[in-house]
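Residue numbers (the working numbering): 1078 to 1372.
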């Protein structure tokens, strides 16, 4: 065999090895598939911090439809301008635009947090959350994201955890009455540990507060990944994924655990931008599905 033919054949062989088995099966129906295709992968969306932070609503719908994503989580302060100060007519317009799109649902991501030892600041965040819940209801969102967002120095951790839990219970009950899920993110200084969020949830003593799993490095610490997941598995209503190519986070294991637990929510990509965002999102979705043996 000539050297050029050998190289060409080697490239073809290597390319064939990475072609999704669904496509291989369509092209070569007599060839046995190497694994069973997962027909029920988890659902994928985008959290607009940061890849979509500069997109207006029209661009969000256009790009995510083209990339075949199923939902979007709108971060406050970004270019889409879905904020508490918009009028009732504008809220109705936002709701209609997303309802008429190919996206299945939307949710909102606030910056409200409940760790401050200053009672005035704490009250401001609680009342702000309630207004944000009303906004979520008006624009047709299913839920909102909130924060702990820290266990401050100089205050006992137990006291702060109880304070966050109590505040979470108040806004969670308010959200429940509006049909909106309130999801506390596993994020922040020390509040980025599942064990801490579990204690906060327990302190809330509320059935109406939920968790946004955040794919932090800390998820693999303490008693291990699966043990940490099990602490919160019955409360997870949202997931934020980051860079799927990072091999030190067990994304494949996370997806298996979510599926085994009957998770019906969305896994939203919270990733940096890209010069060609739609193309990048297509690659990201492909890796998301590949981790689940869905392609």
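Quick reminder that beta carbons are idealized off the backbone N, C-alpha and C, glycines included. Every value quoted in this text rests on a predicted model; they were computed, and no experiment measured them.
- Rounded to whole angstroms, residue 1158 and residue 1243 show a C-alpha spacing of 30 Å.
- For residue 1134, the enclosing alpha helix (DSSP H) has its first and last residue at 1134–1143.
- Cβ contact annotation for residue 1283 (same chain, cutoff 6 Å, sequence separation greater than five): 1246 and 1249, in chain order.
- Counting the other Cβ atoms within 10 Å of the Cβ of residue 1193 gives 16 or more, which makes it buried.
- Within the same chain, and ignoring the five residues on either side of residue 1278 in sequence, the residues whose Cβ sits closer than 8 Å to its Cβ are 1242, 1245, 1261, 1286, 1288, 1309 and 1312.
- Checking the DSSP bridge columns, you'll see residue 1182 partnered with 1148.
- Taking 8 Å as the cut-off, the Cβ atoms of residue 1209 and residue 1171 do not count as close.
- With a threshold of 16 other beta carbon atoms within 10 Å, residue 1322 falls short and is exposed.
- When DSSP states are grouped into helix, strand and coil, residue 1355 belongs to the helix group.
- If you keep only unbroken beta strand (DSSP E) runs of at least 3 residues inside the region 1216–1297, you get 1220–1224, 1258–1262 and 1287–1290.
- Under the three-state reduction of DSSP, residue 1313 is assigned to strand.
- Distance from the CA atom of residue 1147 to the CA atom of residue 1175, rounded to whole angstroms, is 11 Å.
- The beta carbons of residue 1125 and residue 1151 sit closer together than 8 Å.
- A direct Cα-Cα distance of roughly 8 Å separates residue 1222 from residue 1189.
- For the set 1220, 1230 and 1281, the Cα lying nearest the Cα of residue 1254 is the one of 1220.
- DSSP places residue 1165 in the uninterrupted alpha helix (DSSP H) bounded by 1165–1176.
- Spanning the alpha carbons of residue 1112 and residue 1370 requires a straight line of approximately 8 Å.
- Put simply, the region 1266–1280 touches the region 1293–1304. At least three CB pairs are less than 8 Å apart.
- Counting other Cβ atoms within 10 Å of its Cβ, residue 1237 reaches 16 or more and is therefore classed as buried.
- Between residue 1168 and residue 1232, the C-beta spacing is not below 8 Å.
- CA-CA distance, residue 1230 to residue 1345, rounds to 32 Å.
- With contacts defined by Cβ atoms closer than 8 Å, residue 1184 and residue 1218 form a contacting pair.
- Judged by their CB atoms, residue 1256 and residue 1207 are not nearer to each other than the 8 Å cut-off.
- Secondary structure at residue 1121: strand, using DSSP grouped into helix, strand and coil.
- Inter-residue distance for residue 1280 and residue 1240 is about 8 Å (C-alpha atoms, whole angstroms).
- Nearest neighbour of residue 1355 by Cα position, chosen from 1196, 1325, 1136 and 1119, turns out to be 1136.
- In the three-state reduction of the DSSP assignment, residue 1302 falls in the helix class, which pools H, G and I.
- Secondary structure note for residue 1328: its alpha helix (DSSP H) is the uninterrupted segment 1328–1337.
- DSSP places residue 1115 in the coil class of the three-state scheme, outside both helix and strand.
- If you draw a 10 Å sphere on the C-beta of residue 1165, you find fewer than 16 other C-beta atoms in it, and that means exposed.
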